[in-house]
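In terms of this note's numbering, the sequence shown opens at residue 437 and continues consecutively. Idealized CB from N, CA, C, for every residue including glycine. Before any comments, here is the structure.
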Amino acid sequence: MEFNQLESFISVVKHNNFSHAAKELYTTQPTISNNIKNLEKELNTTLLDRTSKTITLTDSGRIFY
């Protein structure tokens, strides 16, 4: 687990948006997506439910947050 993965996760939860999180962290949206994907892979769980319009925390995501 790396700091930038945690930072990305917290920012996505804060903004409820990958693009806004990327802007806050001065990086790209694909970088944020990869950080979250790698974090979920490492934890072996899904932290965020992604739909076309919303992002919500899963139960695991709420516990982790």
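Are the beta-carbon atoms belonging to residue i and residue j less than 8 angstroms from one another?
i: Ser-455; j: Gln-441; result: no
i: Leu-483; j: Ile-472; result: yes
i: Glu-460; j: Ser-447; result: yes
i: Leu-475; j: Phe-439; result: no
Excluding sequence positions up to five away, which residues of its chain have a Cβ less than 7 angstroms from the Cβ of residue i?
i: Thr-481; result: Ser-496
i: Tyr-501; result: Val-449, Leu-493
i: Ala-457; result: Ser-444, Ser-447, Val-448, His-451, Ile-468
Can you list, in chain order, the residues of its chain whose CB lies under 6 angstroms from that of residue i, leaving out five sequence neighbours each side?
i: Asp-485; result: Thr-492, Thr-494
Ordered list of alpha helix (DSSP H) runs contained in the region 450-498, each at least 4 residues: Counting only runs of 4 or more, we get 454-460, 465-479.
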